[in-house]
Every structure is written in C-alpha cells, then in structure tokens.
Amino acid sequence: MGIVETWVREKPIRTFLARLSRQSAAAFVASTTSRSPAAADGEGEGGGADGGIPQLSSVANSVVSRCSRILAVATENLQQSYEADFPDNCKEPNTYARELLEYCCHKALHEVTTRPDYLADMNLRRLMFDMMLAWENPGSEEGLLKNNSTLCNPVEIEDEDEGSIFYTNSTSLAVQVNDMKTVGLSAFTRIAPSCPIIADLVTVHNLFDALTCSSGGRLHYFVYDKYLKSLDRVFRSIKGVMQSSLASSFNLDAGECILAIDGDKPIHPVLQHIGISAWPGTLILTTHALYFQSIRVGYGDKIVKYDLATDSNQVIKRDFTGPLGVRLFDKAVMYKSSTL
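Numbering (UniProt numbering), first residue to last: 1 to 340.
Okay, structure coming up:
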C-alpha cells in the first residue's frame, strides 16, 4: 500500500521509477559488499582471491571481467597472456593499466564482431561504452575516487530506455552505466575502430565530431547508442535488399553492396532524362556504381550502369530537370562522362 500511495503522489512517474532504481541499487550494493570472502571467491569469475587485478580501477576490472567471460578465459590468464605477448610494456607502470585494458577489449571485440547481428545486442553496446569509460580511468589510483563517486549513483535517464543496468564484476561492486556519463575523443578513437562497421581509423575523428557537435566534444551514451541502433537498421535493410530478387537481376561485382534504392514503387518511379526524352525506372546506388533500370514498353527492362569507381573523367552534380528539358525540379543528379 505504501508503494501505491507513493506512486500516486509522485509526478511524473519517471521520478518514482528513478527512486525505485536507487533503492534497488542500494540494496544490491549492500548485499554484494556484505558477502563473506569465501562467497565472493566462489562467485567471482576470474577475479582471483584478491577481487580483481590490483593495477586496475573498479570500472576497468568490471570491463576486463566481462571480456574474460566473452573469451571464456579467466582474467588471470588474460593478464598473463598480455604480459607474455608484450613483455616490454609490463616495465612501464604508468601505461600498464591502460594497455592491459586495451588488450582485453580488442580481443573481446574481435571475438564478438564475428557473431551475426551483434549491433542489436544492447548489453554489447553498453559494454563498448564502458570500455571507453574505463580507458579514461584505467588505473586503480587515478580512477578509484572518481569511479566510486560517479558509477554507483543512479541518475535519471532522459532517453527512451528507462532504468539502470548493473554488472557484477570481480571486485563485487555494482557498476552502473547511466546516460549522463561521457567519453572524450582519445577513448573513442582507441576503442571504436576495433569494430570496423562502427568506425575506421581514417574517419574516426570526423565521426566523433559529428556525434559530439552539440555536446561540447564529449560523447553521451544515449547518442552513441542511437548511432549504433541506426547502423544496425541500415545493415539489416542492406542485407534484406541484397537477398532480394531485385539485387540478383543487376549482376553485381564481387564485394559490391547496394546502399540505396529509389523508384522501386511503380507509382513513384525515378525519371531518366536524355535530351527531351524521359523514361521511368528504378535507380540503384551501390558501393561501385549507379544503376538505372528503365521500364520501356515493348523493349523489356533495360539496365544502364554508371561506373563511379574506375571512370576518372566523369562529372556528377546536383541539377535541375523537368519535362521536355524545362528546368523545373531540383531533385536531379546530372551525370556526364566521356564513356557514354
């Protein structure tokens, strides 16, 4: 009855849900910190008797613990593998924590990206953002105070995904990923390119600038999450198009992918203007070329390919077009080439 009365009084409901989240978080932290050492040792996954890698911060230990579960390898074995592969790096205590963290993150992401539809996994998207947070605070001394003050305090979430996600790590601490924490350029450029679909080394700086143009150069989780969701929708759409009968009719080259289709609805075709003639059809943009499949009565469908990859003497620009050559409509693309 007390919960119902509180629910009636709280306006808006989001505040009530946030209060429940804080109460659950406090109970969870109390239960995990009050366990006996034996119980903690029994439940820790690769954390060891000392509760994690002592050189790492709590958030970094949480990330490494989750990486070890992905790789099905104990955290001690991951640490030993890193020290065996990079023995010289172990002599630099100032960079040891960050480089060990990067090693674990890259190995885990390499494993995860071989799975189909991994961008649709919400837990993976949160883990990747956690990796960036941990990269900015990898060491136990430099990040302990900040992590304890920010990671364990639930914050109301203003995005569509309400509530908080907690992870139990080898240090028996509740590490919360909330939508108010941010990461900088250095962390993003070190972690994101591990997944080539998300970012690449050539354009990663431009991508970060685009994602943070309205947040002062700091990337919020909900912006990053929406970006990955959009990527997932795009790739699912491309996969569906590539498996359609329309794609098979174009005889695409090896490695060529369809990026966009316009005019595939009979009532809204794309018009190809050559001189004063105009033919309706479908326009296909791929990674290599533009294809136009015209619909000509009595002649069947004809496909014209405009090569964008090898023809260096071509001109492509926005232009006006219209019936009988009248320049009425600005939603046109002009293509000129010496090979036509």
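Every residue, glycine too, gets a C-beta built ideally from N, C-alpha and C. Note that the coordinates shown come from a computational prediction; the quantities given were computed from them, not determined experimentally.
For Q79, the enclosing alpha helix (DSSP H) has its first and last residue at T75 to D85. L109 and S194 have their C-alpha atoms some 7 Å from each other.
K239: member of the alpha helix (DSSP H) spanning Y221 to M242, first to last residue. K107 counts as buried, since at least 16 other C-beta atoms from the protein chains shown sit within 10 angstroms of its C-beta. When the Cα atoms are used, A134 and V59 turn out to be separated by approximately 6 Å.
DSSP lists Q293 as the beta-bridge partner residues of I303. In terms of Cα proximity to Q55, the closest of C213, A210, Q79 and F86 is Q79. With fewer than three CB-CB distances shorter than 8 Å, the stretch 259-274 does not count as touching the stretch 305-314.
Residues V183, A187, F188 and I191 of the same chain have their beta carbon placed closer than 7 Å to that of M132, with the five preceding and five following residues left out of the count. The stretch 197-217 makes no contact with the stretch 82-94, as fewer than three CB pairs between them are under 8 Å. Under DSSP, D319 shares a beta bridge with A332.
The beta-bridge partner set that DSSP reports for Q272 consists of W279. Taking C-beta atoms as the reference points, L71 and Y82 fail to come closer than 8 Å.
Contact between the stretch 209-218 and the stretch 251-262 is absent: fewer than 3 CB-CB pairs across the two stretches fall below 8 Å.
In the three-state DSSP reduction, T95 falls in the helix class (H, G or I).
Between L283 and L124, the alpha-carbon positions lie close to 36 Å from each other. Collapsing the DSSP output to three states places A72 in coil.
Going by beta carbons, G281 and G263 fall inside the 8 Å limit. Boundaries for D264: no beta strand (DSSP E) harbours it, and the DSSP string shows neither H nor E there. Here I258 is bridged, per DSSP, to T286. A direct Cα-Cα distance of roughly 47 Å separates A74 from L285. When S140, G139, V64 and D225 are compared, the shortest CA-CA separation from D121 is found for D225.
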